[in-house]
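Chains C and R supply the protein sequences, listed in that same order. If you number the first sequence the way my numbering does, the last residue is 346 and the count never jumps. If you number the second sequence the way my numbering does, the last residue is 258 and the count never jumps.
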Amino acid sequence: MPQTKRNHITQLILVLAGFIILQTLIGFLSGQRQFQYYSRIFFLIEINIILTASLALINGYTGQFSLGHAGFMAIGAYTSAGITTLLPKLLFGSPLVTSSVAGHLVFVLSVFAGGAMAGLFGFVIGFPSLRLRGDYLAIVTLAAGEVIRAGLRFADFLGGPRGIPGIPAFSSAFYVGGFFLLSLWMMRNFVYSHYGRACIAVRDNEIAASCMGINTTFQKVWAFALGACFAGVAGGLFAHMSRYINPDNFGFLKTLDILIFLYIGGPHTIAGSIVGAGIFTLVPEGLRLANLEGWRMVVYPLILILVMRFLKDGIMGEREFSFLVPWKYKEMVQKRVESSKLTVDS
Amino acid sequence: MPFFTINGLTHYFGGLRAVSNFNLSMESGELVGLIGPNGAGKTTVFNLISGIYKPGQGGIVFRNESIAGLAPHAVNRKGIARTFQNIRLFHDMSIIDNIKVAARSRTGYGLASSLFHPPRFWTKEHELDAWCRDLLAIFGLDAKAPLRSSSLAYGQQRRLEIARAIATQPSLLLLDEPAAGMNPNEAKELIDTILWVKDRFDLTMLIIEHNMRVIMEVSQRIVVLDFGETIAQGPPAHIRNDPRVIEAYLGKEDTHAA
Chain C
1 MPQTKRNHIT
11 QLILVLAGFI
21 ILQTLIGFLS
31 GQRQFQYYSR
41 IFFLIEINII
51 LTASLALING
61 YTGQFSLGHA
71 GFMAIGAYTS
81 AGITTLLPKL
91 LFGSPLVTSS
101 VAGHLVFVLS
111 VFAGGAMAGL
121 FGFVIGFPSL
131 RLRGDYLAIV
141 TLAAGEVIRA
151 GLRFADFLGG
161 PRGIPGIPAF
171 SSAFYVGGFF
181 LLSLWMMRNF
191 VYSHYGRACI
201 AVRDNEIAAS
211 CMGINTTFQK
221 VWAFALGACF
231 AGVAGGLFAH
241 MSRYINPDNF
251 GFLKTLDILI
261 FLYIGGPHTI
271 AGSIVGAGIF
281 TLVPEGLRLA
291 NLEGWRMVVY
301 PLILILVMRF
311 LKDGIMGERE
321 FSFLVPWKYK
331 EMVQKRVESS
341 KLTVDS
Chain R
1 MPFFTINGLT
11 HYFGGLRAVS
21 NFNLSMESGE
31 LVGLIGPNGA
41 GKTTVFNLIS
51 GIYKPGQGGI
61 VFRNESIAGL
71 APHAVNRKGI
81 ARTFQNIRLF
91 HDMSIIDNIK
101 VAARSRTGYG
111 LASSLFHPPR
121 FWTKEHELDA
131 WCRDLLAIFG
141 LDAKAPLRSS
151 SLAYGQQRRL
161 EIARAIATQP
171 SLLLLDEPAA
181 GMNPNEAKEL
191 IDTILWVKDR
201 FDLTMLIIEH
211 NMRVIMEVSQ
221 RIVVLDFGET
231 IAQGPPAHIR
241 NDPRVIEAYL
251 GKEDTHAA
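The following block contains the structure:
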């Protein structure tokens, strides 16, 4: 059933309006003490979705198994918190305050800087390691993530193992929602471009891809660096939400969380990241509310086993949310389907 | 200066000499067949040309430039495209996306555009889409453009692979057993397609093929390999009656005479 442009735009507006209303509501609630916990869960879902989608670029679309994603999140978190907290402390004796306009500006820039720094690390780590395949790449990225964590523990000027306390609470509903939309929009765009297609080609058949003129190493490094970059953005938001970070926030268990979100939701679509991170941020919190927190480690693996057994490609499989597909792309596909019907009939 | 030359190409797999002192010179617009029994080293020659293997010894010169030892994507960007003996399509992608990926040089936008989708991005994408659809139409595959490539019949997958190679806009096309697994009718059709494509896209072609009817009909010249060595070279009529070629394929005559 072909969709009209009007239909698509209505759908998109409804989704965005719903999102903005929800986000505003959460914004108001977050100001009240008794609701702070719930608003934090909501922000955490958004941050986890960014993380999962950014890992999907590497593991899902390009087919490179990375196990060091939390490391890039750490780079983003430390860079961002360094700029808003440590640097002002050094210069003026106190961190930035959330009441000044300049503070907000610096915070936004610091999140971008966190993304850029994580992207840079992704590039530097990706270039030598992405020549490796399969298990070897997984081991090297695992090691890289641990090296970042261990490095942070030794870096005294970043607080060492004690981390950075007293980070100003800049991550409001407005900023988290804004960066969430921007990140998802950019990743979506990347997927629906020549680069996205080339990533899938590399995953599908690397030899054929390289014989068709695709520089596979370069392609993999770009996807890796871009994934790292958005993980950095998520790290920056996380730091200013939790207000305290230390190296152990970003260990292998964090990577494992992101991997579980990804493979349960479905690694081949952005919808998969949204569903996976959404559900699996809520499940442990729900268990906590029901006083069954200890069951987390029973429920988690059980769901993972069931999904892997019955839905190999995750809950979403190859299905993408319709509002995430660009209208111009749908138009192109529809034209093609119509013309192919004509040729088949005649 | 010839269009494409290979000089003394030699390649070892461990202790096994897979290709030994292989020489070839092709003029622009020529169609050369490469035949030989199984394991003669034909596909190895293709893998050496297209950069999948780095040659141990010898030179490969294409349009006055040495391409020996270049990475596969670099070889392709110089203007050499190939197909594969065991089909290597992008099975997870639609038929038209298989073509679009290969038409990299026609994309016309950079990484920044792909992240922000400015209006120019969609103009370029629509142009690319139209171009790829036209190319598919030439190969009679346009009606199936939105389907997955794995849903195609075997013969059509072979055609799609040729179309995909041509989407990279090569001037030298290497076909590795294009008629493998085809029935006589399909093979006949393939002969027409190959000759037509060659004229339409102004190509020089090197073809590996086991189907003698196909290779004798399309080739202007045939090179015969056996155990990595060139044992005969010449026009099809000449090759057909060459005793060394017959021996390589059928064995020595006197073993049965006794």
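Glycine is no exception: its CB is placed at the ideal position from the N, C-alpha and C atoms. If you're wondering where the values come from, they're calculated on a predicted model, not measured in any experiment.
Original post:
Mapping DSSP to helix, strand and coil, what is R:ASP226?
Top reply: Here residue 226 of chain R refers to the residue found at position 226 of the second sequence. R:ASP226: strand per DSSP, three-state reduction.
Original post:
Using Cβ-Cβ distances below 9 Å, what residues of the region 195-211 of chain C are close to chain R?
Top reply: The region 195-211 of chain C vs chain R, Cβ under 9 Å: TYR195, GLY196, ARG197, ALA198, ILE200, ALA201, ARG203, ASP204, ASN205, ILE207, ALA208, ALA209, SER210 and CYS211.
Original post:
When DSSP labels each residue in this structure, what does R:ALA232 get in the three-state scheme?
Top reply: Locating residue 232 of chain R in the second sequence gives position 232, where the first residue counts as 1. The three-state reading of DSSP puts R:ALA232 in strand, counting E and B together.
Original post:
How is the alpha helix (DSSP H) around C:GLY196 delimited, first residue to last?
Top reply: Translated into positions along the first sequence, residue 196 of chain C becomes position 196. Unbroken alpha helix (DSSP H) run through C:GLY196: 194-204.
**OP:** Just mark C:ASN249 as buried or exposed, buried being the case when its beta carbon has 16 or more other beta carbons within 10 Å.
**Re:** Translated into positions along the first sequence, residue 249 of chain C becomes position 249. Buried, because 16 or more other Cβ atoms sit within 10 Å of the Cβ of C:ASN249.
Subject >> Residue range of the beta strand (DSSP E) that includes R:PHE4 >> reply: Position 4 of the second sequence, counting from 1, holds the residue named residue 4 of chain R. Where R:PHE4 is concerned, the enclosing beta strand (DSSP E) stretches over 4-13.
Original post:
Taking the alpha carbon of C:ASN246 as the point to measure from, which residue in C:LEU29, C:TYR38 and C:ALA70 has its own alpha carbon closest?
Top reply: Reading the first sequence from its first residue, position 246 is the one you call residue 246 of chain C. Ranking C:LEU29, C:TYR38 and C:ALA70 by Cα distance to C:ASN246 puts C:ALA70 first.
Original post:
Start and end of the alpha helix (DSSP H) containing R:ARG200?
Top reply: For the purposes of this step, residue 200 of chain R is taken as residue 200 along the second sequence, with counting starting at 1. 184-200 is the extent of the alpha helix (DSSP H) around R:ARG200.
**OP:** Check the Cβ-Cβ distances between C:TRP222 and every residue of chain R, and say whether any is below 9 Å.
**Re:** Here residue 222 of chain C refers to the residue found at position 222 when the first sequence is read from its first residue. Answer yes: the Cβ-Cβ gap between C:TRP222 and chain R drops below 9 Å somewhere.
Original post:
In the region 106-118 of chain C, which residues sit with their C-beta less than 8 Å from some C-beta in chain A, listed in chain order?
Top reply: The question asks about chain A, but that chain is absent: this structure's protein chains are C and R.
Original post:
In chain R, what lies closer than 8 Å to C:ILE214 by C-beta?
Top reply: The residue given as residue 214 of chain C occupies position 214 in the first sequence. Neighbours of C:ILE214 on chain R, chain order: HIS73, VAL101 and ARG104.
Original post:
For R:LYS144, which residues of its own chain have a beta-carbon under 6 Å away from its beta-carbon, when the five flanking residues on both sides are left out?
Top reply: Taking the first residue of the second sequence as 1, we reach residue 144 of chain R at position 144. Answer for R:LYS144: ILE95, listed in chain order.
**OP:** Report yes or no: do three or more beta-carbon pairs, one from the region 30-43 of chain R and one from the region 217-225 of chain R, lie closer than 8 Å?
**Re:** yes
**OP:** Just the C-alpha distance for R:LEU111 and R:TRP122, rounded to the nearest angstrom, thanks.
**Re:** Locating residue 111 of chain R in the second sequence gives position 111, counting from the first residue. Locating residue 122 of chain R in the second sequence gives position 122, counting from the first residue. Rounded to the nearest angstrom, the two C-alpha atoms are 14 Å apart.
Subject >> Segment contact, 8 Å Cβ cut-off, at least three pairs: the region 225-238 of chain C with the region 73-81 of chain C >> reply: yes
**OP:** Give the DSSP-derived three-state secondary structure of C:PHE19 in the structure shown.
**Re:** Within the first sequence, residue 19 of chain C is the residue found at index 19, counting from 1. Reduced to three states, the DSSP call for C:PHE19 is helix.
Original post:
Would you say R:LEU172 reaches chain C, if we count a Cβ-Cβ gap shorter than 9 Å as a contact?
Top reply: The residue labelled residue 172 of chain R in the question sits at position 172 within the second sequence. Not one beta carbon of chain C lies nearer than 9 Å to the beta carbon of R:LEU172.
Original post:
Name the chain R residues that come within less than 8 Å of C:ASN189, Cβ to Cβ?
Top reply: Looking up residue 189 of chain C in the first sequence gives position 189. Those are SER114, LEU115, PHE116 and HIS117, listed as they occur along chain R.
Original post:
Does any residue of chain C bring its CB to less than 9 Å from the CB of R:LEU89?
Top reply: Translated into positions along the second sequence, residue 89 of chain R becomes position 89. By this cut-off, R:LEU89 is an interface position.
**OP:** Assign C:LEU253 to buried or exposed, taking buried as 16 or more other Cβ atoms, counted over all protein chains shown, within 10 Å of its Cβ.
**Re:** The residue labelled residue 253 of chain C in the question sits at position 253 within the first sequence. C:LEU253 is exposed by the Cβ-count criterion.
Original post:
Under a Cβ-count criterion, where at least 16 other Cβ atoms within 10 Å of its own Cβ denotes burial, should R:ASN119 be classed as buried or exposed?
Top reply: Your numbering for residue 119 of chain R matches position 119 in the second sequence. It should be noted that the sequence gives Pro, not Asn, for residue 119 of chain R. Burial is judged here by how many other beta carbons sit within 10 angstroms of a residue's own beta carbon; R:PRO119 has fewer than 16 and is exposed.
Original post:
Among R:LEU89, R:THR44, R:GLU27 and R:GLY39, which one has its Cα closest to the Cα of R:HIS11?
Top reply: Within the second sequence, numbered from 1, the residue matching residue 11 of chain R stands at position 11. Nearest C-alpha to R:HIS11: R:THR44.
Original post:
Taking the C-alpha atoms as reference points, what is the distance between C:LEU25 and C:PHE42?
Top reply: Position 25 of the first sequence, counting from 1, holds the residue named residue 25 of chain C. Position 42 of the first sequence, counting from 1, holds the residue named residue 42 of chain C. For C:LEU25 and C:PHE42, the distance between alpha carbons rounds to 11 Å.
Original post:
Taking the C-alpha atoms as reference points, what is the distance between R:GLY69 and R:LYS54?
Top reply: To locate residue 69 of chain R, count along the second sequence from 1; it is residue 69. To locate residue 54 of chain R, count along the second sequence from 1; it is residue 54. Near 5 Å, if we compare the C-alpha coordinates of R:LYS54 and R:GLY69.
Subject >> Host alpha helix (DSSP H) of R:ALA74 (start-end) >> reply: Stepping through the second sequence from its first residue, residue 74 of chain R is reached at position 74. Element bounds for R:ALA74: 72-78.
Original post:
Since C:MET186 meets chain R, which of its residues come closer than 8 Å, beta carbon to beta carbon?
Top reply: Taking the first residue of the first sequence as 1, we reach residue 186 of chain C at position 186. Correct list: LEU115 and PHE116.
Original post:
Per DSSP, which one or two residues make a beta bridge with R:THR204?
Top reply: Position 204 of the second sequence holds residue 204 of chain R. In the DSSP output, where bridge partners are listed per residue, R:THR204 has R:LEU172.
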